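Asker:
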Amino acid sequence: MIGAITLLLVFQLIGEAIARGLALPIPGPVIGMALLFVALCWRGGPSTELRTTAQGMLQHLSLLFIPAGTGIMLHFQRMSDELLPLLVSLLVSTVVTIAVTALALRFLARRSDRQARTR
2 MIGAITLLLV FQLIGEAIAR GLALPIPGPV IGMALLFVAL CWRGGPSTEL RTTAQGMLQH
62 LSLLFIPAGT GIMLHFQRMS DELLPLLVSL LVSTVVTIAV TALALRFLAR RSDRQARTR
């Protein structure tokens, strides 16, 4: 388990170093996750140890929301002062996400139908 966590943290560190070193607008952990994905594809998939560790971490993913909830409570007054812009941005981003997902699903369904007909 320690080896798997170390592997995850090393890829996060590499991603962070790339993001900061090249002044990229992408968070380092996202770059590290992409690099880990490439490495796992090249290697043929995750090891049993990495798979078990990742599943164990995902079972406790809700704990990562505690700091965000604490931050919301800490800055509650500021959030209430800016409630309208927050609600508008949440509403617009939700509608855009649903629309993009629907369009992507429609595109992929049509593509799948065309491929099925050509076979």
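To convert a position in the sequence shown, counted from 1, into the numbering used here, add 1.
C-beta atoms are modelled at their ideal positions from N, C-alpha and C, and glycine is treated no differently.
Note that this is a predicted model, so its numbers are computed, not measured.
Taking Cβ to Cβ, would you say glutamate 17 is nearer than 9 angstroms to isoleucine 32?
Answerer: yes
Asker: Please tell me whether, using a cut-off of 8 angstroms, the distance from the CB of arginine 112 to the nearest non-hydrogen atom of the ligand ADP is below it.
Answerer: Looking for the ligand ADP in the displayed structure turns up nothing, as the structure carries no ligands at all.
Asker: Just to confirm my understanding: we take glycine 4, look at its own chain, exclude 5 residues before and 5 after, and list those with CB closer than 7 angstroms. What are they?
Answerer: Glu50
Asker: Is the stretch 37 to 47 touching the stretch 74 to 90, taking contact as three or more C-beta pairs under 8 angstroms?
Answerer: No: fewer than three Cβ pairs fall under 8 angstroms.
Asker: Return the chain-ordered list of same chain residues with a C-beta closer than 7 angstroms to the C-beta of threonine 1, the five sequence neighbours on each side being excluded.
Answerer: One cannot answer for residue 1 here, as it falls past the ends of the chain, which runs 2 to 120.
Asker: Tell me the DSSP secondary structure of methionine 58 in three-state form.
Answerer: helix
Asker: Identify whether glycine 46 lies in helix, strand or coil by the three-state DSSP scheme.
Answerer: coil
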